[in-house]
Structure formats: C-alpha cells, structure tokens
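Just so you know, the sequence shown maps onto residues 1 to 367 in the UniProt record's numbering.
Each residue gets a CB set at the ideal place from its N, CA and C atoms; glycine is no exception.
Right, one structure below, let's go through it.
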Amino acid sequence: MQQGGSNGRVPPSGPTGLPVVPGSAIGVVANPMSGRDIRRLVAQASVFPNAEKTNMALRLVAAAAATGVDRVLMSTDGMGVAAGVLRARDKRRPGAPRWPELEFVELDTISGTAEDTRVLVRRMVAAGASVIVLLGGDGTVRAAAAASGDVALLPLSTGTNNAFPEMWEATVAGTAAGLVATGRLPVGEASYRAKALHVAAGAKHELALVDVCVSTVTHVGSRALWQPATLRELYCAFAEPHAIGLSSIAGLLHPVARTDPDGVVVRLAGVEAAPQTVLAPIAPGVVAPIGVHHAGPLAAGRPHPVGLARGTVAVDGEREIEFGPSTPVTVTLAPDGPRVLDVRTVLAAAAQRRLLDPDALTQEVRS
C-alpha cells in the first residue's frame, strides 16, 4: 500500500501528549473476517462491521500518539479496514494533533485464512513492535499466538463468542499499549503468560487458548459448534462465570482465573442422561440446558486421554480435527501461551505513578 504524503506527521498545534520515545512501536492487526461465522444464522450474534474496525484502529492510533509512541504498524487487508485508516491519515490538516509514523505491513498474497494473521504478526515483531493489538476473535488470537514469541498481545473483541479477547474501548486499550511500548511501564510488570491447551491426535497438533471440546459429530463441516446435544468432553484453560461460549459451562460449575495454574475438565452428556444440568450462555442469544456428569480441576503438564472413540475436536469453538478408534487424542494444559497485556494493571500503575501526567514526567526529568 502506498504510504504517500507526510505519513501522518502533521505539525501539532501545541503539546498534546507525552514526549515521543524514538523507536517505540505498536502493531495493529485487524482481522476483516472476524465476526462472520455460522452463529449469525443459528443464534442472534451481531455482525461487527469493518467500518467499526477502522474506527477502532483510528482510536488506537490517537491513543498511541498521546502516549508518545513513535510508530504504528498497521495490517493491510482486501476489505477496506486499512484503506479507511489510510484515507483518514491523508485527510489530516496542518495544526491537527500529532500522529505517530504510520507504516502499513503488507502481505505478499491475501489468503483469507489464519496464515494471514501469523504472517502479519511475524513481520510486525521483526519490525520492532513491542505490543501488538488484535482486532478479532478467539481464532485471531490463537493464530497470532503462534507467531508473537515474547511480544505482548492485546486482544480486543470483534468476533462472535469471544472468551479470550476482552471488551475494552480502543482508546483505553491504545493508551495501555502505548505506555508499555514506550517503556514507561515494563512489559514484565504489565503482562502475564497465558495458559494453552495442546491437542495431539496422531500426527496432528492443535493449540487452544480457551477451550477444547470433543463432539460426537464426525465431520468438521462448518467448524462452529452449536449443537449442545453432541458435546461430550470440555477442557478449559480458564473458565469465567461471566463468559459466553462453551467455557461458560465450566465457568458456572468450577470457575478458574486466567492466571491460575490449573484449568477445568467437564464431562458432558445429554440432559436426560446426566445427573446435573446447568443453563449456560453457549452463544449470543442462546442459553441452553447442558447435561453434566462431572466438573473438576485440569492439572497442568499431564496428558489427558479423550474417552470418546470417534468424533471431532474443536479448539476455541471451531472444529479442527476428525478422529476415530485408530487415532487416540490427548489434551495437555501448559503455561506456554502468548504473553498478554493486562490493561487493568497498566492503567492502575499509570494512576499510581502519574504516568499520564506530562507535568509530573517533566518534573521527574528535571530532578
């Protein structure tokens, strides 16, 4: 994508933020395909328009500017998100508040698959981004986790059943990302290492950040899980009572925090055959009765064999693996997920240390 013009460096009308830290950079990956799966047909899930993803990216850029970020690396796409950011940059007038240097990270080819996210993240890491903001759902975060290494991810929800990304206003999220990218708060203090669920099925290996669900459905098909009667085993890295999606089942029975060492395993059955039933919000607008045999802790570091002889395995809500009697399946919880930025921690520290007070920073430098 052609950069053109002044690349967003319009002379500011006056002090509008913290001092710029040369070399600091954040990445923004906007998945134009997030929030468009079958659950919009079988449930009441909302459609998240790409125009709003553009607006979120613009708010992230503005927050990065205010916190003194030098560069913003923006993903490119074929559905108008990056083009909207480019248009907004080119319409900026002299005297407007400063923008960071805006660089567009291009794909050699756009596949429309998770590989696009992985390539973009790798290139942003190589270009010096110390925080990468993701606009997408659980699948987007899972793809990014495979390429982010030790760079902190900040997932913002723009998908369907988003258990991993949180609902942060983009301006607030961008402020947190900027404070870490500029070194005003160390990344080790501002983030945590997420857990991950490793699924092994013969030669296949899949990674989940939220849940792994085993279903009696024997084909991948449309990928999304939306038939409760077919669910048999559920493994969760974390389980929050306020979540939506399959992890809400575990969250209502055996809550586990994102930073706890263990996870949760739930044995499921049809409502008629189960000793316990829980009403769980498994999809937007769908609160379904789920039959439960057992719910308990999932210890880290030990492979757990799947009991079902034939079916499919879904990772983070999407069926990925078909298996039969000749393909044993195991699920292992490990503390080796991506590094994740904790917005609450960052902004609490910013308040305590006056990190967003330009006068306080100036006095500190003078002293």
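Buried or exposed: which applies to residue i, given that a residue is buried once 16 or more other Cβ atoms fall within 10 Å of its Cβ?
i    : result
P155 : buried
P305 : exposed
E103 : buried
G27  : buried
G95  : exposed
S111 : exposed
V119 : buried
G17  : buried
A170 : buried
T312 : buried
L41  : With a pLDDT of 45 at L41, under the threshold of 50, the modelled position of that residue is not reliable, and the figure given next carries that caveat. When all chains shown are included, L41 counts as exposed.
H254 : buried
T117 : buried
R89  : buried
M124 : buried
P165 : buried
L252 : buried
S326 : exposed
L268 : buried
G317 : buried
A257 : exposed
R193 : exposed
A299 : exposed
G245 : buried
R39  : Confidence at R39 is low in this model, with a pLDDT of 45, below 50, so the placement of that residue is unreliable and no value is reported for it.
A82  : buried
L86  : buried
G68  : buried
A273 : exposed
A127 : exposed
R71  : buried
Q352 : exposed
G291 : buried
L209 : buried
A51  : exposed
P303 : exposed
P275 : exposed
P100 : buried
What residue does the alpha helix (DSSP H) around residue i start on, and which one ends it?
i    : result
R344 : V343 to R353
V141 : D138 to A145
In the DSSP assignment, find the beta strand (DSSP E) that holds residue i and state where it starts and stops.
i    : result
T332 : V329 to A334
G23  : V21 to A30
A295 : V286 to L298
T312 : G311 to V315
L18  : It is not in any beta strand (DSSP E) - L18 carries neither H nor E in the DSSP assignment.
S157 : A152 to S157
R319 : E318 to F323
Between residue i and residue j, how many whole angstroms is the CB-CB distance? I'm expecting something under 8 Å.
i           : j    : result
L355        : R184 : 5 Å
T230        : V217 : 5 Å
residue 371 : S191 : With the chain covering 1 to 367 only, the question about residue 371 has no answer from this structure.
E115        : E206 : About 15 Å; that fails the 8 Å criterion.
L179        : T158 : Contact doesn't hold; Cβ gap of about 23 Å is too wide.
A152        : V131 : 5 Å
residue 374 : P228 : Residue 374 lies beyond the range of the chain shown here (1 to 367); nothing can be said about it.
L197        : V105 : The Cβ separation is near 29 Å, so there is no contact.
W168        : V329 : That pair is no contact at about 35 Å.
A314        : S247 : Contact doesn't hold; Cβ gap of about 12 Å is too wide.
Kindly examine the ligand GDP and report whether one of its heavy atoms sits closer than 7 Å to the Cβ of residue i.
i    : result
E320 : Ligands in the displayed structure: none, and consequently the ligand GDP is not present.
When you compare the CB of residue i with every CB in chain C, is at least one pair closer than 8 Å?
i    : result
P303 : No chain C is part of this structure, which consists of one protein chain only.
Counting only runs of 3+ residues fully inside the segment 50 to 80, write out the beta strand (DSSP E) ranges in chain order. Listed in chain order, they are 69 to 75.
Curious, which full-length beta strand (DSSP E) runs of at least 3 residues does the segment 226 to 281 contain? List check, beta strand (DSSP E) in window: 231 to 236 and 263 to 269.
Unbroken alpha helix (DSSP H) runs of length 4 or more, entirely within the segment 166 to 224: which are they? Listed in chain order, the complete alpha helix (DSSP H) runs (minimum 4 residues) inside the segment 166 to 224 are 170 to 181 and 187 to 190.
Segment contact flag, the segment 229 to 238 with the segment 253 to 269, C-beta cutoff 8 Å, min 3 pairs: By the criterion of at least three beta-carbon pairs nearer than 8 Å, the segment 229 to 238 is in contact with the segment 253 to 269.
Give a yes or no on contact between the segment 135 to 144 and the segment 15 to 32, applying the rule of three or more CB pairs nearer than 8 Å. Counting C-beta pairs closer than 8 Å gives three or more between the segment 135 to 144 and the segment 15 to 32, which meets the contact rule.
Check whether the segment 178 to 193 touches the segment 285 to 292, counting contact only when three or more Cβ pairs, one atom from each stretch, lie closer than 8 Å. Contact fails: fewer than three Cβ-Cβ distances are below 8 Å.
Do the segment 324 to 339 and the segment 169 to 181 touch if we need at least three Cβ pairs shorter than 8 Å? Contact check between the segment 324 to 339 and the segment 169 to 181: fewer than three CB pairs, one atom from each, fall below 8 Å, which does not count as touching.
Between the segment 344 to 353 and the segment 199 to 210, do three or more beta carbon pairs fall short of 8 Å? The segment 344 to 353, when compared against the segment 199 to 210, does not touch it at the 8 Å Cβ threshold.
Ignoring anything shorter than 3 residues or poking outside the segment 87 to 143, list the beta strand (DSSP E) runs there in chain order. Taking only runs of at least 3 residues, the beta strand (DSSP E) segments lying wholly in the segment 87 to 143 are 101 to 105 and 131 to 136.
Cβ contact check for the segment 75 to 95 and the segment 47 to 63: 3 or more pairs under 8 Å: Yes, they touch.
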